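Colleague:
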Amino acid sequence: MSVARIVSVLVLLVPCSIGMRSAAQTTNVCVECHATLQGRLKEAVDDSAGSVHGHKGMSCETCHGGNSQDAAHAKGPGSGFRGHIKREDIPELCGSCHANAERIKRFNPSLHTDQLAQYHTSVHGMKLAKGDGNVAVCTDCHGVHNIRPASDPTSPVNALNVAATCSRCHSNVVLMKSYRIAATQYADYSASVHHEAMMVRGDLSAPTCSSCHGSHGAVPPGAASVASVCGTCHVLQAQFFDASPHKAAFPEGCATCHSAHKIKRPDDNFVGLAAGAACADCHSADEESGKTAVAIHDHLKSFETSVNEATVLIDRAARAGIDVANAEMEISQAMDALTKARVRVHSAQLAKLDSELTAGSRVLARARSEGDAAIRERNSRRKGLLVPVIVIAAMVFSLGAYIRELERNSDS
Amino acid sequence: MNAVVRVQTWIDERFNLAESLAPLREKTVPIHKYSYWYLLGGITLFTFLVQLCTGVLLLLYYRPTANEAFESVQNITNHVQFGWLIRSVHSWSANLMVFCAFAHMFSVALTKAYKKPRELTWVTGVFLLFLVLGFGLSGYLLPWNTRAYFATKVGTEVAGRVPLIGHMQMVLLRGGEDVTGATLTRFFGLHVVILPALTVGMLLIHLLLVQKFGTSVPVSVLTQWQQHPDQRKEMPFFPNFFLRELMGWYIALGCLVALSVFFPWELGNKADPFSSAPPGIKPEWYFLAQFQTLKLIPSRILFIDGEVLGILGFGLGAGLWLGLPFIESLLGCRRGRWIRVGILFALAYLMIMTIVGYMAS
Chain A
409 MSVARIVSVL VLLVPCSIGM RSAAQTTNVC VECHATLQGR LKEAVDDSAG SVHGHKGMSC
469 ETCHGGNSQD AAHAKGPGSG FRGHIKREDI PELCGSCHAN AERIKRFNPS LHTDQLAQYH
529 TSVHGMKLAK GDGNVAVCTD CHGVHNIRPA SDPTSPVNAL NVAATCSRCH SNVVLMKSYR
589 IAATQYADYS ASVHHEAMMV RGDLSAPTCS SCHGSHGAVP PGAASVASVC GTCHVLQAQF
649 FDASPHKAAF PEGCATCHSA HKIKRPDDNF VGLAAGAACA DCHSADEESG KTAVAIHDHL
709 KSFETSVNEA TVLIDRAARA GIDVANAEME ISQAMDALTK ARVRVHSAQL AKLDSELTAG
769 SRVLARARSE GDAAIRERNS RRKGLLVPVI VIAAMVFSLG AYIRELERNS DS
Chain B
-10 MNAVVRVQTW IDERFNLAES LAPLREKTVP IHKYSYWYLL GGITLFTFLV QLCTGVLLLL
50 YYRPTANEAF ESVQNITNHV QFGWLIRSVH SWSANLMVFC AFAHMFSVAL TKAYKKPREL
110 TWVTGVFLLF LVLGFGLSGY LLPWNTRAYF ATKVGTEVAG RVPLIGHMQM VLLRGGEDVT
170 GATLTRFFGL HVVILPALTV GMLLIHLLLV QKFGTSVPVS VLTQWQQHPD QRKEMPFFPN
230 FFLRELMGWY IALGCLVALS VFFPWELGNK ADPFSSAPPG IKPEWYFLAQ FQTLKLIPSR
290 ILFIDGEVLG ILGFGLGAGL WLGLPFIESL LGCRRGRWIR VGILFALAYL MIMTIVGYMA
350 S
């Protein structure tokens, strides 16, 4: 046999041997055996196949130990088989990979590795350490075998599903009673503006449980930190509140007026002393601060009415085909001023609120003036129409009279 | 001798105009209860003339590129003196032209004015209607606004579904695989050069044929006249009918100006090819019946794609409509009565589907 022939045979054999080896490696005796079983023991196989771990090539033995390549010694002595993982061991088991930066970065370099450390600082982690087996461990939120990335909409920890996942325990009245925690948070959150933003408008940046409480390091925000938590999104409101006289008076911060979970969309009637206004809980009409609250309400309402009137005017001109692009932009600027003034409500200072409204009023006056001019243009067009209409009507009547005269003459 | 008579004499000496116009003086128009329908053809012609005049004025400022088309129409509407009026009259007149063309066609069909010897007058008239619809389709895209862009996309997609030649036809219309600036330039050329040239040619043939065969009298009126010859009434085309037609033109002009002032044609927002189609996008009202039909047809009928079947059905319908006089003569007088039923059905179908399409969300 020539050297060339030997080389070519070797070249052909190498891929075959690689193929055989990889075929042998994909054999998993755990899967082969469990696939023939029923119930949870079979579901584990099906769930694992579609999980993020299955996709990354991790097999059963990564968590459960044992030898997945050898049926005879799969669970035998020396195989390291751990079998069913005890509930209290789950965080440490998951952390053996997820707290190991070296290991994790091989699969997803951007994945955090502090989950276990955070869990230890959480109420869940601390209670587990004290032997409370009822608190949440990793699998309660992420699932057991069918673990999917948080970006997957079917994952229980996807932003859309987090509140429902937390509610599995936190809406359980019996379970929560033993911790002296109310079980109404999920119902309250479901009636909130945040839930509406998330579930109705599909805004995944809207807050859910973990946005305020944290996920792995879940703790109830303390009274002093509520404003800070809300302020991560509502930055200006938090700054104005911090500088306001209410800061010292209300240790619960934002939640004093807006509540903790059942946060409704506030309108201008939320300020003032009328029924349903938050200020009315503490202030009355005969004190200076009560009068300020009423003035804030009235100024906001008055400006909103002005904006609405100008909008109607501009819309009427636009429908008449007059160019009102500038006025529309000015209306939008006036709306911005109103939004800023509403944010300024948190400072509880009428002067600061008025400074925003004054700036808005100047823009609004320009818009209204342009709207008036547009309506005058529309009216002049309509008046101008009279000229051709009169000419045309005169021509039509003259022609009619001429035809009648013509035909009368020809008949006679 | 005043100036007008002197000019007339000067022209007569050279072109013998009096002799050329003699047939017009001889031409008569029958007088009966359906005589007012005769005005529709003239009003359609008037709206076409309005289109030509306003179209030429719009051309002075319009720029047919994807980057400038919308802005140029915005400039016409907001800054050019009386630009808003010219643009609105052009748009309203286009719609009135389509309406009058349909009304004229159905009046001709229902009074059976297409019968021998006027078969070719009918054929040229139907071709004129197709050209008018072509004006509507091509002109609709020119402002390059969102509604026009996506409606054209849908319209050309429908053209692309025609078996065998569909894709080629769609690429030809669009100037590529998608609706782009190339489509706009193509539609502009079609709207201001090709279609006007074809329409003027076809219109001349149509008017010559109308002149040659005279005005048709409905069968029922003709039978009545044959039984009672004393009831036969006619008026000279010039000036009696011409002046009546002129009255109709004046009224149409008044309506166009009033509509333009009270309901100026909306411009909308500039087309953004990268945005998603706005919900409830629809074509202009004269294509709504076909659009609604395609929406209602099931996706598959037996083994044929529903949309393809619908498009083939439209093609067959247009072919039958074009050949109406020949089909009636083939069927003979007795079966020809079913033709009237068919015409009434087509009219009712178009009206109902247009209303349903308009109301649909």
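Which chain is which? The protein sequence lines are A and B, in order.
Following the numbering used here, the numbering of the first sequence begins with 409 at its first residue and continues without gaps.
Following the numbering used here, the numbering of the second sequence begins with -10 at its first residue and continues without gaps.
Glycine included, each C-beta is placed from N, C-alpha and C at the ideal position.
Note that the coordinates shown come from a computational prediction; the quantities given were computed from them, not determined experimentally.
1) If contacts are defined as beta-carbon pairs under 8 Å, then A749 (chain A) and E738 (chain A) qualify, I think. What distance do you get, rounded to the angstrom?
2) In the region 228 to 262 of chain B, which residues sit with their C-beta less than 8 Å from some C-beta in chain A, listed in chain order?
3) Please classify T719 (chain A): is it buried, with 16 or more other beta-carbons within 10 angstroms of its beta-carbon, or exposed?
4) Would G299 (chain B) pass as a contact of I286 (chain B) if the rule is Cβ separation under 7 Å?
5) Taking the straight line between their C-alpha atoms, what separation do you get for T212 (chain B) and Y23 (chain B)?
6) Shorter than 7 Å from the beta carbon of L681 (chain A) to some beta carbon of chain B?
7) What's the C-alpha gap between R784 (chain A) and N67 (chain B)?
8) Are any of the Cβ atoms in chain A nearer than 7 Å to that of W327 (chain B)?
9) Would you say the region 157 to 164 of chain B touches the region 222 to 229 of chain B, given that touching needs at least three Cβ pairs under 8 Å?
10) If you follow the alpha helix (DSSP H) that E451 (chain A) is in, where does it begin and where does it stop?
11) For K670 (chain A), which residues from the same chain have a beta carbon less than 6 Å from its beta carbon, with the 5 sequence-adjacent residues on both sides left out?
12) Between the beta-carbon of P12 (chain B) and the beta-carbon of V206 (chain B), is there less than 7 Å?
13) Rounded to a whole number of angstroms, what is the C-alpha to C-alpha distance between I414 (chain A) and N475 (chain A)?
14) Count the other C-beta atoms from every protein chain shown that fall within 10 angstroms of the C-beta of F35 (chain B), then say buried if there are 16 or more, exposed otherwise.
15) Between A:H705, A:A767, A:R776 and A:D706, which has its C-alpha nearest A735 (chain A)'s C-alpha?
16) Applying the 10 Å Cβ sphere with the 16-neighbour rule, what's the burial state of W353 (chain B)?
17) Name, please, each residue of chain A whose Cβ falls closer than 7 Å to the Cβ of W73 (chain B).
18) How is the alpha helix (DSSP H) around T145 (chain B) delimited, first residue to last?
19) Tell me whether K748 (chain A) sits in a helix, a strand or coil according to DSSP, three-state version.
20) Please report the distance separating the alpha-carbon of G346 (chain B) from that of L197 (chain B).
21) Counting only Cβ pairs nearer than 7 Å, list the residues of chain B close to A789 (chain A).
22) On the criterion of 16 or more Cβ atoms from any shown chain inside 10 Å, does M236 (chain B) qualify as buried, or is it exposed?
23) Counting contacts by CB-CB distance shorter than 7 Å, is N64 (chain B) in contact with chain A?
24) Output yes or no for whether 7 Å exceeds the beta carbon distance between F79 (chain B) and T33 (chain B).
25) DSSP three-state label for R107 (chain B), please.
26) By the DSSP assignment, the alpha helix (DSSP H) with T17 (chain B) in it spans what residues?
27) What residue range is occupied by the uninterrupted alpha helix (DSSP H) comprising E223 (chain B)?
28) Determine, using beta carbons only, whether H578 (chain A) and Q593 (chain A) come nearer to each other than 7 Å.
29) Taking the C-alpha atoms as reference points, what is the distance between G123 (chain B) and T135 (chain B)?
30) Between A:V582, A:A626, A:L583 and A:L568, which lies nearest to A605 (chain A) when the distance is taken from Cα to Cα?
31) Starting from N134 (chain B), find everything on chain A with Cβ-Cβ shorter than 8 Å and list it in chain order.
32) Below 8 Å, how does it come out for the region 231 to 245 of chain B and the region 79 to 99 of chain B: are there three or more Cβ pairs, yes or no?
33) If you draw a straight line from the C-alpha of H461 (chain A) to the C-alpha of L283 (chain B), how long is it?
Modeller: According to the data block:
1) The sequence position of residue 749 (chain A) within the first sequence is 341, counting from 1. The sequence position of residue 738 (chain A) within the first sequence is 330, counting from 1. Not a contact, Cβ separation roughly 16 Å.
2) P228, N229, L232, R233, L235, M236, Y239, I240, L242, G243, V246, A247, V250, F251, P253, W254 and E255
3) Your numbering for residue 719 (chain A) matches position 311 in the first sequence. That one is buried.
4) Stepping through the second sequence from its first residue, residue 299 (chain B) is reached at position 310. Stepping through the second sequence from its first residue, residue 286 (chain B) is reached at position 297. Yes. Within cutoff.
5) Position 223 of the second sequence, counted from the start, is the residue given in the question as residue 212 (chain B). Position 34 of the second sequence, counted from the start, is the residue given in the question as residue 23 (chain B). Approximately 14 Å, taken between the alpha carbons.
6) Residue numbering aside, residue 681 (chain A) sits at position 273 when the first sequence is read from its first letter. Answer no: the Cβ-Cβ gap between L681 (chain A) and chain B never drops below 7 Å.
7) Here residue 784 (chain A) refers to the residue found at position 376 of the first sequence. Here residue 67 (chain B) refers to the residue found at position 78 of the second sequence. Taking the straight line joining both Cα atoms gives about 15 Å.
8) Taking the first residue of the second sequence as 1, we reach residue 327 (chain B) at position 338. By this cut-off, W327 (chain B) is not an interface position.
9) Verdict: no, contact absent.
10) By one-based count along the first sequence, residue 451 (chain A) stands at place 43. Residues R448 to G458.
11) Reading the first sequence from its first residue, position 262 is the one you call residue 670 (chain A). The beta carbon of K670 (chain A) sits closer than 6 Å to those of D596, A599 and S600, all from its chain and outside the five residues before and after it, given in chain order.
12) For the purposes of this step, residue 12 (chain B) is identified with residue 23 of the second sequence, where counting begins at 1. For the purposes of this step, residue 206 (chain B) is identified with residue 217 of the second sequence, where counting begins at 1. For P12 (chain B) and V206 (chain B), no; Cβs fall outside 7 Å.
13) Here residue 414 (chain A) refers to the residue found at position 6 when the first sequence is read from its first residue. Here residue 475 (chain A) refers to the residue found at position 67 when the first sequence is read from its first residue. Residue placement at I414 (chain A) cannot be trusted, given a pLDDT of 48 that sits under 50; the coordinates are not used to answer.
14) In the second sequence, the residue the question calls residue 35 (chain B) occupies position 46. It counts as buried.
15) Taking the first residue of the first sequence as 1, we reach residue 735 (chain A) at position 327. A735 (chain A) has its Cα closest to that of A:R776, out of A:H705, A:A767, A:R776 and A:D706.
16) Given that chain B is displayed from residue -10 to residue 350, the structure contains no residue 353 (chain B) and the question cannot be resolved.
17) Counting from 1 along the second sequence, the entry for residue 73 (chain B) is found at position 84. Within 7 Å Cβ-Cβ: G729.
18) Along the second sequence, one-based indexing puts residue 145 (chain B) at 156. T135 to G149 is the extent of the alpha helix (DSSP H) around T145 (chain B).
19) In the first sequence, the residue the question calls residue 748 (chain A) occupies position 340. Helix.
20) Taking the first residue of the second sequence as 1, we reach residue 346 (chain B) at position 357. Taking the first residue of the second sequence as 1, we reach residue 197 (chain B) at position 208. Rounded to the nearest angstrom, the two C-alpha atoms are 38 Å apart.
21) Along the first sequence, read from residue 1 onward, the residue named residue 789 (chain A) stands at position 381. In the sequence as displayed, the identity of residue 789 (chain A) is Arg instead of Ala. Per Cβ cutoff of 7 Å: V250.
22) Looking up residue 236 (chain B) in the second sequence gives position 247. So M236 (chain B) counts as buried.
23) What you label residue 64 (chain B) is simply residue 75 of the second sequence in a count that begins at 1. For N64 (chain B), the answer is no, since every Cβ of chain A falls outside 7 Å of its Cβ.
24) As a working mapping, residue 79 (chain B) is identified with position 90 in the second sequence. As a working mapping, residue 33 (chain B) is identified with position 44 in the second sequence. Per the sequence shown, the amino acid found at residue 79 (chain B) is His instead of Phe. Contact: no.
25) By one-based count along the second sequence, residue 107 (chain B) stands at place 118. Correct three-state label for R107 (chain B): coil.
26) Mapped onto the second sequence, residue 17 (chain B) falls at position 28. It is not in any alpha helix (DSSP H) - T17 (chain B) instead sits in the beta strand (DSSP E) that spans T17 to P19.
27) On the second sequence, residue 223 (chain B) is found 234 positions in, with the first residue counted as 1. E223 (chain B) -> not in any alpha helix (DSSP H); beta strand (DSSP E) instead, spanning E223 to P225.
28) As a position in the first sequence, residue 578 (chain A) is number 170, starting the count at 1. As a position in the first sequence, residue 593 (chain A) is number 185, starting the count at 1. Yes, the Cβ-Cβ distance between H578 (chain A) and Q593 (chain A) is below 7 Å.
29) Your numbering for residue 123 (chain B) matches position 134 in the second sequence. Your numbering for residue 135 (chain B) matches position 146 in the second sequence. Distance between the alpha carbons of G123 (chain B) and T135 (chain B) is about 20 Å.
30) The sequence position of residue 605 (chain A) within the first sequence is 197, counting from 1. Of A:V582, A:A626, A:L583 and A:L568, the residue nearest in Cα terms is A:L568.
31) Working through the second sequence from its first residue, we reach residue 134 (chain B) at position 145. Going along chain A, no residue has its Cβ under 8 Å from N134 (chain B), so there is no contact; the nearest lies around 14 Å.
32) yes
33) In the first sequence, counting from the first residue as 1, residue 461 (chain A) sits at position 53. In the second sequence, counting from the first residue as 1, residue 283 (chain B) sits at position 294. So the two alpha carbons sit approximately 48 Å from each other.
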